[in-house]
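At position 174 of the sequence shown the residue is numbered 174 (UniProt numbering), and the sequence of numbers has no breaks.
Just below is one structure, and these are the notes that go with it.
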Amino acid sequence: MTRKPFQMKLDESLELKSVAERDARALFQLVDTNRLYLRQWLPWIDYTQTVEDELAYIRSVTMQFQDNQSISCAILYKGSIAGTISYHPIDWANRKVEIGYWLGAQFQGKGLMSAACKALTAYAFENLKLNKVEIRCATGNIRSCAIPQRLGFVEEGTIRQAEWLYDHFVDLRLYGLLVSEWKHQQKRS
């Protein structure tokens, strides 16, 4: 049975929706025009050289979605793709998931990623009944680290030399939020 594509409207200008093959060209153009900016922190940029590379990625994550292992969304801001946010494969056995994300430079500073992370965190707890959401960010990526901090995630530690970034290793900060902590936040707000 084919799963219906994921879609979530966050406000009048912001929406998350499953990436689809028809998004390949727009996603590739966003990556390509932001290549130097994104390459600072994302290890997969050099592997995305053509629209066909983007299409292969979309097909892969669509299969993961159909197998109930992941959700990969385009972030739509005023109808344009601004970036992506995804559940890296859901760990059903341990009831946890990691969220990964990126935005084009021109979409930074508008609160888009904080809103998207907040929505997917709530969805993980409310709909998927997971116990924990994690976010990992390179220690030097201050903007990315600010998102889980802003959303009340707990910094659990640093994973040393956890990611190969073209010619060097980077340390990753691990942030986590438990469903019990999230529920407590909801009561306070």
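Each residue gets a CB set at the ideal place from its N, CA and C atoms; glycine is no exception.
Every value quoted in this text rests on a predicted model; they were computed, and no experiment measured them.
Excluding five sequence neighbours on each side, which residues of the same chain lie with their C-beta closer than 6 Å to the C-beta of residue i?
i: residue 5; result: 18
i: residue 137; result: 144, 145, 173
i: residue 41; result: 138, 141
i: residue 7; result: 17
Ordered along the chain, which non-local residues of its own chain (more than five positions away) have a Cβ less than 8 Å from that of residue i?
i: residue 51; result: 24, 25, 28
i: residue 116; result: 10, 14, 16, 73, 75, 85, 101
i: residue 70; result: 61, 64, 86, 87, 88, 89, 90
i: residue 31; result: 38, 45, 48, 54
Going by DSSP in three states, residue i sits in which element: helix, strand or coil?
i: residue 30; result: helix
i: residue 105; result: helix
i: residue 7; result: strand
i: residue 166; result: coil
i: residue 2; result: coil
i: residue 84; result: strand
i: residue 64; result: helix
i: residue 183; result: helix
Does at least one heavy atom of the ligand GDP sit under 7 Å from the Cβ of residue i?
i: residue 151; result: The model depicted lacks the ligand GDP and carries no ligand whatsoever.
Note the first and the last residue of the continuous beta strand (DSSP E) segment covering residue i.
i: residue 175; result: 169-178
i: residue 18; result: 14-18
Under 8 Å by Cβ, that's how I've got residue i and residue j pegged, so tell me the actual separation to the nearest angstrom.
i: residue 120; j: residue 99; result: 6 Å
i: residue 58; j: residue 21; result: 6 Å
i: residue 163; j: residue 154; result: In fact, because the Cβ distance is near 21 Å, the residues do not count as touching under 8 Å.
i: residue 152; j: residue 181; result: 7 Å
Going by the beta-carbon positions, is the gap between residue i and residue j smaller than 8 Å?
i: residue 66; j: residue 3; result: yes
i: residue 82; j: residue 36; result: no
i: residue 129; j: residue 177; result: no
i: residue 123; j: residue 148; result: no
Which stretch, first to last residue, makes up the alpha helix (DSSP H) that contains residue i?
i: residue 126; result: 112-126
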